[in-house]
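The sequence shown maps to residues 81 to 198 in the numbering used here.
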Amino acid sequence: MPQTGLNRRSFLRGAGLTTLAGAVGSGISLRGGPAAAAALGEADANGTFDFDTPYNRLGTDSVKWDQALRQNEMGTIVAGMGIADMDFRCAPVITRALQDRIAHENWGYLEIPKAFVE
């Protein structure tokens, strides 16, 4: 298969640095004490987020949990299998960004901020 110029492994390795640069360029401090923690929602001042506490998805029309219970006619389920789905809360900063966007009630094309290109 011919090379297309895009090395997926290099891209994925660099994606973390790009995300960090984007966060720094956005004016959100990743290490700034209480102000940074407030900007990141429930994340602490070190920029960490709790990905270990399970989030109960039962009753949310989850394919992984609810559909498995319905299709297999089970009363309980111990481990969700068959689909790679998130079982932790979304980072609050992402939820807020989505809420801010849908508040416009018109989801047409947006101008790309210069900060995205820099």
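The C-beta atom is built at its ideal place from N, Cα and C for all residues, glycine as well.
Burial state of residue i, where buried means 16 or more other Cβ atoms lie within 10 Å
i, result
"I192", "exposed"
"V104", "Since pLDDT at V104 reaches only 46, below the 50 mark, its modelled position is unreliable, and the value read off the structure follows with that caveat. Burial call: exposed."
"V143", "exposed"
Minimum C-alpha distance to residue i - residue among the options
i, options, result
"Q147", "G162, R169 and I182", "G162"
"D132", "H184, E153, E198 and M166", "M166"
For residue i, the first and last residue of its enclosing alpha helix (DSSP H)
i, result
"T175", "P172 to I182"
"K194", "K194 to V197"
"R150", "A148 to Q151"
Margin query: Pairs of beta-carbons, one from the region 150 to 167 and one from the region 177 to 193, closer than 8 angstroms: are there three or more?
Written below: no
Check: Quick check: the region 171 to 183 against the region 133 to 140, are there 3 or more CB pairs under 8 angstroms?
Finding: no
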